[in-house]
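Novice: This structure is in structure tokens; I'll ask about it shortly.
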Amino acid sequence: METAPQPKNENLSQAIPERDAEPPSELAPAPAEVADTYETVGDFTAPNPSIRTRSVDVFYGDNHAIQRVDLDIGQNEVIALIGPSGCGKSTYLRCLNRMNDTIESARVTGEIRLQGEDIYSRRMDVVMLRARVGMVFQKPNPFPKSVYDNVAYGPRIHGIARNRTELDQIVQRSLERAGLWSEVRDRLDEPGTGLSGGQQQRLCIARTIAVNPEVILMDEPCSALDPIATARIEDLIDEIRQNYTIVIVTHSMQQAARVSQRVAYFHLGKLIEVGSTDAIFTNPRHRLTEDYITGRFG
Amino acid sequence: MEVEDLGQHISRRFNAEIVSLHSSVLTMGGLVQEQLDRAIEALRERDSELGLQVAQDDFKVNRMEVGIDEDCSRILATHSPAAGDLRLIVAIIKTITDLERIGDEAEKIGRLAARLAGLERPSTNYRELRNLARHVKQMVNDTLDAFARLDATGALEVVRADEVVDEEYESTYRQGITFMMEDPRTISRVIDSMWIARSLERIGDHCKNICEYVIYMVHGKDIRYTSVENVEAEVRQAIQQSEAVS
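This is the structure in structure tokens:
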């Protein structure tokens, strides 16, 4: 009788050091280096992009945080930026509405265009830019004001509403779009900080929507929320993408797989691979992408 | 994806589970192989007892299939595997179905061998069947090999070898018809032996299926329902792509 070929892989799992023997930080093999002359795998362009970035480099002092990133953000798409900590995905996100301006040592070079306009040009009004490219942060950060004033804040400073009735309409519509209206319609005068975590995050999304942005940037918007609040936000993302372009940074691979249409994988400041979400999660082309999404290094 | 990759996750528990899953498929493959070997032996040695024993032992194969299926569901639910890991699990779920069917064919061969043992033997002692069986056993062996090593090139060779088995089956079939026309007293025996030939041919088809899953697992290319030439081109292209990127 011929026996089946026996696998010689019993020892493979032992190739990973014992948890007790090594500090946790040394469990993962060090991420591999990528040559500086790298090329992004996959199609980083999008037809008629909302945001177009070319050869973007970011330095924090001497630290070269992002290297030569070319990427288009398509209209009405949700694109997820994924990668291990320190890979530059948040840094890249913050370039898109010049949040890096607030960091003194940060220097951004290259080309970033919003609907064809150079956002780093001298003529660009940064306050206007941030209304057009809104941002939702990791931790919900409502203003210490009433629910109503949180949402009305942006329209007021940008003079979007002509009178109280219009402002009321904007507040209601924004809260409706953020899926929060039915929960807070009777509590509009209560402080926004009194809402639950998930509600606060939706309030922040409503606040962002209120100024009618073209693009919404989300930096791990669900990492402080429980699974139900997370599912609500993800559902919301799916709904509002009809009207907005969304760029989301997330550490949750499942979330990226669920909410996005395209995925960009960053690794040590380089954009390694861009592709449709389906392709990235079933058959990524770059080894580093595969290793990251299958949990082979972190 | 290579075999070494199976155990390279940060989560040691996931490593252990996926490595043990991969090897339990091979254990199941070994069992199926043993069933087939014994069924053919029963035919050659006119051992009706052995033939019936093979038929009885099929439940072991079925039991393994159920167990591996459960493991796959659990891994999907608990680890949400992606990319190569996901393809591995999907390929395993499909592979064990084909392995189970190979087991069913071995069961049939066992029963038929038991019945044939009571009948008069042809002068050739079923040489053509044994010849076909040799090819098919080799295919099963190569299939499990390709699966064990995640070897797409080896899998491709098995896909190609299936054509040889199909041809051999055709010729056995024609030969059977000739026998029956020459001497009608052989009809019941020849029909039984043609059932065996049919089972062997089906085993070849199942091997081919498994090898298609292996190629999918390794390169992410679905090559089912494609001609062998196109499959070769696809696999070559996939290999080039992965070399260009890594």
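Sequence order for the protein chains is R and H.
Residue numbers for the first sequence follow our numbering, so the first one is 45 and each next one is one higher.
Residue numbers for the second sequence follow our numbering, so the first one is -10 and each next one is one higher.
Note that the Cβ used here is the ideal one computed from N, Cα and C, for glycine as well.
Values in this document were obtained by computation on a predicted structure and should not be read as measured data.
Please confirm whether E334/R has its beta-carbon closer than 8 Å to some beta-carbon of chain H.
Specialist: yes
Novice: Within the 8 Å Cβ cut-off, does L75/H reach chain R?
Specialist: At a cut-off of 8 Å between C-beta atoms, L75/H counts as an interface residue with respect to chain R.
Novice: Am I right that L32/H and A144/H are in contact with their C-beta atoms under 8 Å? What's the rounded C-beta distance?
Specialist: With 8 Å as the limit, L32/H and A144/H do not qualify as a contact, their Cβ atoms being about 29 Å apart.
Novice: If the cut is a Cβ gap below 7 Å, which residues of chain H does P328/R touch?
Specialist: A72
Novice: If you follow the beta strand (DSSP E) that H311/R is part of, which residue opens it and which one closes it?
Specialist: R306 to H311
Novice: Under a CB-based cut-off of 8 Å, is H(-2)/H close to chain R?
Specialist: yes
Novice: If distances are taken between C-alpha atoms only, which option among S99/R, A222/R and E161/R comes closest to T153/R?
Specialist: S99/R
Novice: Using a Cβ-Cβ cut-off of 6 Å (strictly less than) and excluding sequence neighbours within five positions of R176/R, which residues of its own chain qualify?
Specialist: P257 and E258
Novice: For a contact meaning CB atoms closer than 9 Å, what does G99/H contact in chain R?
Specialist: Correct list: empty, because the minimum Cβ distance to chain R is about 15 Å.
Novice: Please state whether DSSP places V180/R in a helix, a strand or coil.
Specialist: strand
Novice: May I ask which residues mark the beginning and end of the alpha helix (DSSP H) holding R285/R?
Specialist: Where R285/R is concerned, there is no enclosing alpha helix (DSSP H), given that its DSSP letter is neither H nor E.
Novice: Give me the Cα-Cα distance between K49/H and M206/H, rounded to the nearest whole angstrom.
Specialist: Cα to Cα, K49/H sits roughly 26 Å from M206/H.
Novice: Using a Cβ distance threshold of 8 Å, determine whether the region 82 to 99 of chain H contacts the region 196 to 215 of chain H, with at least three qualifying pairs required.
Specialist: Touching, per the Cβ criterion.
Novice: Who are the Cβ neighbours of E(-9)/H in its own chain at under 7 Å, not counting the five residues just before and after it?
Specialist: So the list reads L139, once near-sequence residues are dropped.
Novice: First and last residue of the beta strand (DSSP E) that includes K314/R?
Specialist: K314 to S320
Novice: Please list the residues of the region 158 to 182 of chain H that have a C-beta atom closer than 9 Å to any C-beta atom in chain R, keeping them in chain order.
Specialist: When C-beta distances to chain R are compared with 9 Å, every residue of the region 158 to 182 of chain H stays at or above that value.
Novice: Compare the beta carbon distance of T97/R and E317/R with 8 Å and say whether it is the shorter of the two.
Specialist: no
Novice: For R151/R, which residues does DSSP report across the bridge?
Specialist: According to DSSP, which records beta bridges pairwise, R151/R is partnered with F103/R.
Novice: Under the assumption that I127/R contacts Y336/R (Cβ atoms under 8 Å), give the Cβ distance between them as a whole number of angstroms.
Specialist: What sits at residue 127/R in the sequence shown is Gly, not Ile. Indeed they touch by this definition, with Cβ atoms about 7 Å apart.
Novice: Just verifying my parser: in three-state terms, what is the DSSP assignment at E109/H?
Specialist: coil
Novice: Straight-line CA distance for P73/R to I81/H?
Specialist: The pLDDT assigned to P73/R is 49, lower than 50, so where the model puts this residue is not dependable; a value taken from the coordinates is nonetheless given after this. Cα to Cα, P73/R sits roughly 28 Å from I81/H.
Novice: By the criterion of Cβ-Cβ separation under 8 Å, what are the contact partners of F3/H in chain R?
Specialist: G339
Novice: Could you check if R306/R is buried or exposed, using at least 16 other CB atoms within 10 Å of its CB as the buried criterion?
Specialist: buried
Novice: Short check: CB of K183/R to CB of A300/R, under 8 Å?
Specialist: no
Novice: Is E234/R helix, strand or coil by DSSP?
Specialist: Correct three-state label for E234/R: coil.
Novice: So, are the CB atoms of N141/R and L173/R less than 8 Å apart?
Specialist: In this structure, L173/R lies closer than 8 Å to N141/R by Cβ.
Novice: Answer yes or no: does any C-beta atom of chain H fall closer than 8 Å to that of Q305/R?
Specialist: no
Novice: So, is the C-beta of S69/H closer than 8 Å to a C-beta in chain R?
Specialist: Yes, its Cβ sits closer than 8 Å to a Cβ of chain R.
Novice: Any idea what DSSP makes of E161/R, helix, strand or coil?
Specialist: strand
Novice: Taking three-plus beta-carbon pairs below 8 Å as touching, is the region 115 to 125 of chain H in contact with the region 160 to 170 of chain H?
Specialist: yes
Novice: Using a beta-carbon distance cut-off of less than 9 Å, what residues from the region 202 to 213 of chain H approach chain R?
Specialist: H208, G209 and K210
Novice: Name, please, each residue of chain H whose Cβ falls closer than 7 Å to the Cβ of F325/R.
Specialist: A71 and A72
Novice: Kindly indicate if chain H contains any beta-carbon less than 8 Å away from that of Q298/R.
Specialist: yes
Novice: Name, in chain order, the residues that DSSP records as bridge partners for D116/R.
Specialist: In the DSSP output, where bridge partners are listed per residue, D116/R has R96/R.
Novice: Check whether the region 189 to 196 of chain H and the region 145 to 152 of chain H touch, using three or more Cβ-Cβ pairs below 8 Å as the test.
Specialist: yes
Novice: Helix, strand or coil, according to DSSP, for N4/H in the structure here?
Specialist: helix
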